[in-house]
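For the sequence shown, the positions run 4 to 113 when this note's numbering is used.
Structure record follows, encoded as structure tokens.
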Amino acid sequence: MESCYLIDNLKGVHLTHHKHILTSVVSLTALAAHYTTVLMAQEKEKAFWTESEVTALVDYLHEHRSERAEGGNFKMVTFNGAARDIAPKKTQGPQKTGKMCQTKWTSVSC
């Protein structure tokens, strides 16, 4: 009879331990989700495009048109090259990135 009590007692401790771990995991998951949301919500500096930068972007992509993929879109490596190429023309705003060049190309090529 006493051994049953010990087994039941151990089961209770074991279950309590699992509940504590589960609560910790849920708390950490919620914290990670909140942190991710905060990071994503931080406003990034927006690109400011001058007419000469847009012209340089279009010229660069025209010169590298053979680098287009099957669907007709440029690969990120080409946009990164365009960003490096137009860097000397920057007058204000952040340095252009490949992603910024891709976004600008999407808006001017349609």
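By construction, the Cβ of each residue, glycine as well, lies at the ideal position given by its N, Cα and C atoms.
Residue burial annotation: M103 is buried, with at least 16 other C-beta atoms found within 10 angstroms of its C-beta. Boundaries of the alpha helix (DSSP H) around W108: G101 to V111.
Here DSSP, grouped into helix, strand and coil, assigns E73 to coil. The three-state reading of DSSP puts H67 in coil, since its state is none of H, G, I, E or B.
In the same chain as L60, and ignoring 5 residues on each side of it, the C-beta atoms closer than 7 Å to its own belong to A85, I89, C104, K107 and W108, in chain order. In the assembly as shown, L64 is a buried residue. Its beta-carbon has 16 or more other beta-carbons within 10 Å. K22 and A33 have their C-alpha atoms some 16 Å from each other.
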